[in-house]
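Enquirer:
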Amino acid sequence: MSDKELDSDLEQEETINLDTIELMKKNYSYPLPSDNNIQYKLYKKREYYGSKTSVRPKIDENTEYSVIKEYRDNTCGAAKFSLHPHQSTLSKYINPNTPYKGILVFHGLGSGKTCVGVAIVEKFRAQVEKYGTYIYILVPGPNIKESWLNQLVDCTGNKYIDKNDSNKRNAIQRSLQNIKMMSFRSFYKKVSGEKYVDRTIDKDNKMKKTYRKNAEGDFERDYSVDRIYNLDNTVLIIDEAHNLTGNTYGDAVKHIIKVSKNLKVVLMTATPMKNLGSDIVELINMIRPLGSPMELDKIFNSYRNHLMDFKKDGLEYFKNMINGYVSHMRGQDPLTFAKRVDMGEVPRGLMYTKVTRCYMLPFQREVYDVTIKEFDDALDRSSEAVANIVFPGLSKDRKTVVGYYSNDGINIVKEQLKSSYEDLNKLVNEKFFENKSTMDVIHMSKDNKTISGSFLKLKYLKYFAIKFYTCLKKINRLVAGKKGVKNAFIYSNLVKVGIDVFKEILLNNGYLEYQENINGYQLYNDTRCYYCGKTYKLHSKMSRQNNDNSDDESEDNSDDEIDNNSDKTVPLHKFYPATFVSITGSESEEVIDDATDDKKKIINNVFNKVDNKEGKYIKFILGSRVLNEGINMKNVGEVHILDVWHNFARVDQVVGRAIRWCSHYKIMGEDNVYPEVKVYKYVVALGPDGSVLSSEEEMYKKSELKYLLINKIERAMKERAIDCPLNQYGNMFNEEIVKYKDCDKHKTNECPAICNFTKCYYKCDDNKLNTEYYDPERKIYRLLKKEELDYSTFTKGNAETEIEHAKRQIINMYITNPVYTLRDIIETVKQSYDDEQRDMFDEFFVFKALDILLPVTENDFNNLKDIIVDKNNVEGYLIYRNKYYIFQPYDENEDIPLYYRSKSRYIKGNELSLYNYLSNSEKYNLMKKEKKENKKNKVVDVFDHDITQEYYDNREEYEVVGIIDKHYGQKKNIEDAQDVFKIRPKMPKIIDKKRGTGIPSIKGSVCDNSKTKEYLDKVAIKLGGKVDKDMTRKDVCSIIQEKLLYREKYATDKKGDKLTYIRIPSGHPIYPFPYNLEDRVRHIIKEIKDKIIKKIDIDVEHIKNTYIINIKNELLTKEHTDMLNKMGFKLDKNIWQLKID
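Using UniProt numbering, the first residue of the sequence shown is number 1, and each one after it goes up by one.
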């Protein structure tokens, strides 16, 4: 080798070494959470910058509607789902390849938090499979769990959809591999064990709950079989994490975090502080290093109530401690969210909360005043209940009407109705109805849950429940010619004295409970029309008069608000009854009950449909806390909040059910550019001058102070969020910035809550970011050139979003043409990027997408999830020939000419008929299959002991009680369902001991295999049965059953032998309930009176063991006679008779 060649080689080697040294100097790591410039460093990293939210059109009064429509169509109307940029960002921040241990996902209501969690889940599947662990997802209850199950499939495209199996349930099962999803309560039980609870009745007849302790003074606990000791090498995702602060569920989570290794934690919530600003400290400490927690006393003063505020330098300390641990996305884009309009006035004494003030009339006010004196704490449930409704009842001397409230009040009035029905109705009629009412003024509701009657009609309701009266008047006007035809969501924190009562109010004022069979409604004269608000009687009259709508309101509507619009302005329409759906949960704050599957389906499949936007099929949804989280509504017109809670987080959660991302998209249009949702918050008020605030107004006043501090904290979190510069176009909107630019200069501070009561514009809190990338003139973070981006940590895993995007674009291309070159595909995908991101496009994304879409091996074909469809709706895949990528139909050979790939194909088949079409449709076959399965496997669950519980609880028991129950066997089919006879000894009314041996079950045990022959013989003989030694236990049990049935059937009050001998379930095909003849007669008469409101002549004959009920045919309508026919009555000489023996 010559010297010249040697020198050249040495120079080249030296150059390589220098390049290697430069590469080694390069930082291939991520910034630490404590890095003050974490926003700057993440902003310029390629994987995060590629997930930057896109620029949104600037909107002002001159913006053409076509611009707004195009943006909405692209955002809300996309045919196929794809993750939004902010949703994919966090899966690149929290995954096995990054050093970050936790994140608080502070994303707004309706912004798609669940898809954020799903994207993170997908990143951890390989790791948990490697370590043999599970991904854990914690949710408050079944509603949100069901939402997660659906989103695991919906947020992952076609990943879990099998081309040969389109059933979503199966897709969900596939998506649940390596995942354990459970409620907070279940997780708590598996970690800490549940405390044993002893319940006893105290001297005041109230239930007392105590926790059992062992000899050492520790709580005794019931540990789950599959107890959780740690969560090593996995990720823990907690939805609605604000529910974990200040309770034992949160303690269980903190314990697991403490003892686990390599655990990453994701906390998701739109309202991180559910009550006080200090709630945030507990959440942040769940994801901060164990040895460096945030200290509460360094941030806030010593108050732990509405007077809490920042200490000096407390805010700056807080910002430093949350650095690197918070992600924020506001959502609530004015173009994709309906506009929230708070109705009412701001009372003197409140700062900014608009409420609808309702001034109580004397009857309610008197009870309210006494209650408030007794209970100093305005948060007490009693003050909440009395503000809702006061029930009329008898005084202690039974001579006057006094007011009762709360659940206890309902129970008192129930007892009075049982013992003094006529006296109570007479006195209430005299006091409030001036003896004019001919109907039952007050009675039990049909479901026996609460009190009902004509005192709940609009005209009289104001005396007892001024808020409910005001709300009813407002929702009555959601009809044509008044406020417009809309639907509404009505919410109460309380169930028994909230939603249950309001349900009865609606039933008494012409509304009906929703039925799936639209032709199954029983229409009454006062049933309201959803569209015009007129009664069915008036509608029929108008129809006979050629729709000449005259203003002829019934007496019940005369108390409605005045309407100056002529009824003739109401368009012609068909009568549909105004209906509602009621969904309630538990009164307990500790237990989050959930709506039944049926009612959730009704909301999704009926209420949320665009053709129900006016309430044609369902006018109102009534809900309690069960609807706070996990259930979403669409096209809601108004929200009515009937009572007060001690923080605004609850209010925001409630409103967030009705106003969500794209929830009003289908009713947006040029004539309704910005749909509004009016929000009414009702409070009782003491006087128009506002000099003294009511208990509810005081509660809002305290909530305001807490909310101001919470908003200061939230603004700090937004400014320090890791993705602050990345999400700037999703957090701040030009029209709001312009509208509220001087809001803080007003004396009353006009800045809205959506902007944290300050200016809507803010800068991210990173000095280096603001120095290098902030454009002060345009008030945005400038675009970065490709060479400015940091590619040091940009891996194939981080490019999945771009690869997925390329794949979607390629699939769309083949709808119009069956063949393309690589250059065609690359150029099309590149042009699909917006101007900001096109510079970051890399051909690598297209290459990887084509690798996925071109199956080669048999394994490739088996795992192919992405089906390509051509313009003729023919399914296929891609093949590569020479330089062309060609669409290949599944059912054609790969060598067919191009001509046949682009032409529609006619397949000759049978003549098309309606039968052939239906019998070959997937929906028909699925329905047929389900019907067959239901018929085969349907469980006959007509035996209902719960309905009969109250009846038997009010009777004394015989010393031995029989129970008719059902035994299904192994398969639980109709054929297997058989009666089983059980017995047990008489049970005491109060059971001190709830656990242990020797405590009988209320349903007893099977007679012929749980008792000795000797015991059964004694029982049978005592009942008067004849027993011999050859009889088996089964024979003796038959005798016992027969004797108990006889005594149960023929016992009477007069003979004094009216005890419970045998418990019969409701719905038994042989033994009717009640089985006692005397009680059954009373039960039938009550049922008839409940359904036939007018006074009718009923007579009962008692001859030996037979009862005959006689009802005169006079004044009975066809509706009434049809009902009597169904009950088994026979018409004989103008008398309806029913024989009971």
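Just so you know, even glycine gets a beta-carbon here, dropped at the ideal spot from N, CA and C.
#1: Residues in its own chain within less than 8 Å of G77 by CB, not counting five upstream and five downstream?
#2: Note the first and the last residue of the continuous beta strand (DSSP E) segment covering W148.
#3: Which ranges does the alpha helix (DSSP H) cover as unbroken runs of at least 4 residues, wholly within the region 432-492, from first to last along the chain?
#4: Kindly indicate which residue of P818, E950, K1013 and I963 has the alpha-carbon position closest to the one of S1001.
#5: Hey, which unbroken runs of the beta strand (DSSP E) at 3 residues or more fall wholly within the region 513-544?
#6: Could you tell me the alpha carbon to alpha carbon distance between N62 and V367, rounded to whole angstroms?
#7: Note down the Cα distance separating N1009 from I618, rounded to an integer number of angstroms.
#8: Along the chain, where does the alpha helix (DSSP H) that runs through S82 open and close?
#9: Measure the alpha-carbon distance for I947 versus K718 and round it to whole angstroms.
#10: Note down the Cα distance separating V636 from R625, rounded to an integer number of angstroms.
#11: Report all residues from its chain with a CB closer than 7 Å to the CB of V1081; omit the five preceding and five following residues, and keep chain order.
#12: Enumerate in chain order the residues of its own chain whose CB-to-CB distance from H1120 is below 6 Å, with the five nearest sequence positions on each side excluded.
#13: Let's test the definition: count the other Cβ atoms within 10 Å of the Cβ of L32 and tell me whether it reaches 16, buried, or not, exposed.
#14: Could you tell me whether the region 236-250 touches the region 681-690, where touching means 3 or more Cβ pairs closer than 8 Å?
#15: Taking all protein chains shown into account, decide if D548 is buried (16 or more other Cβ within 10 angstroms of its Cβ) or exposed.
#16: Based on the DSSP output, what are the partners of N1009 in its beta bridges?
#17: With distances taken Cα to Cα, identify the nearest neighbour of E638 among H646, R650 and F620.
#18: So, D643 versus S582, is the Cβ gap smaller than 9 Å?
#19: Applying the 10 Å Cβ sphere with the 16-neighbour rule, what's the burial state of Y1061?
#20: Roughly how many angstroms separate the alpha carbons of V191 and T450, rounded to a whole number?
#21: Going along the chain, which unbroken runs of the alpha helix (DSSP H) with 4 or more residues stay wholly within the region 739-811?
#22: Using CA coordinates, which residue listed in M1123, P347, S445 and G615 is at the minimum distance from E697?
#23: From S34 to N301, what does the alpha carbon distance come to, in whole angstroms?
#24: Please report how far the alpha carbon of N749 lies from the alpha carbon of K759, in whole angstroms.
#25: Which value, in whole angstroms, describes the spacing of the CA atoms of F844 and V128?
#26: Do V829 and I886 count as a contact pair if the criterion is CB distance below 9 Å?
#27: Check whether the region 262-282 touches the region 156-166, taking contact to mean three or more Cβ pairs, one atom from each stretch, closer than 8 Å.
#28: Can you round the beta-carbon distance between G110 and W645 to whole angstroms, since I take them to be within the 8 Å contact cut?
#29: Could you tell me the distance, in whole angstroms, from the CA atom of P362 to the CA atom of M444?
#30: So, I1111 versus D1097, is the Cβ gap smaller than 9 Å?
#31: In three-state terms, what does DSSP make of K339?
#32: Does DSSP put R288 in a helix, in a strand, or in coil?
#33: What residues in its chain sit with their C-beta under 6 Å from that of Y1046, if we drop five residues either side in the sequence?
#34: Can you tell me whether L784 sits near the ligand NAD, meaning its C-beta is under 8 Å from at least one heavy atom of the ligand?
#35: Taking the alpha carbon of S278 as the point to measure from, which residue in Q837, I710, D775 and L1077 has its own alpha carbon closest?
#36: How many angstroms separate the CA atom of K436 from the CA atom of I983?
Expert: If we stick to the structure as given:
#1: Y665
#2: Run containing W148: none in the beta strand (DSSP E); it sits in the alpha helix (DSSP H), P142 to D154.
#3: 458-461 and 466-476
#4: Taking only the C-alpha atoms, the option nearest S1001 is I963.
#5: none
#6: 56 Å
#7: 52 Å
#8: Element bounds for S82: n/a, residue is neither H nor E.
#9: 52 Å
#10: 18 Å
#11: Cβ within range, chain order: V1100, Y1107, I1109 and I1140.
#12: I1092
#13: By the Cβ neighbour-count rule, L32 is exposed, with fewer than 16 other Cβ atoms within 10 Å of its own.
#14: no
#15: Reliability fails at D548, whose pLDDT of 44 lies under 50, so the model's placement of it is uncertain and no value is given.
#16: Paired residues: none, contrary to the question.
#17: The option with the nearest alpha carbon to E638 is F620.
#18: no
#19: buried
#20: 39 Å
#21: 767-773
#22: P347
#23: 25 Å
#24: 10 Å
#25: For F844 and V128, the distance between alpha carbons rounds to 29 Å.
#26: no
#27: These segments do not touch.
#28: Contact flag wrong, Cβ pair sits at about 20 Å.
#29: 25 Å
#30: yes
#31: strand
#32: In the three-state scheme derived from DSSP, where H, G and I count as helix and E and B as strand, R288 is classed as coil.
#33: none
#34: Inclusion of the ligand NAD in the displayed structure is not the case, the ligand content being empty and no account of it being possible.
#35: I710
#36: Rounded to whole angstroms, the gap between the alpha carbons of K436 and I983 is 52 Å.
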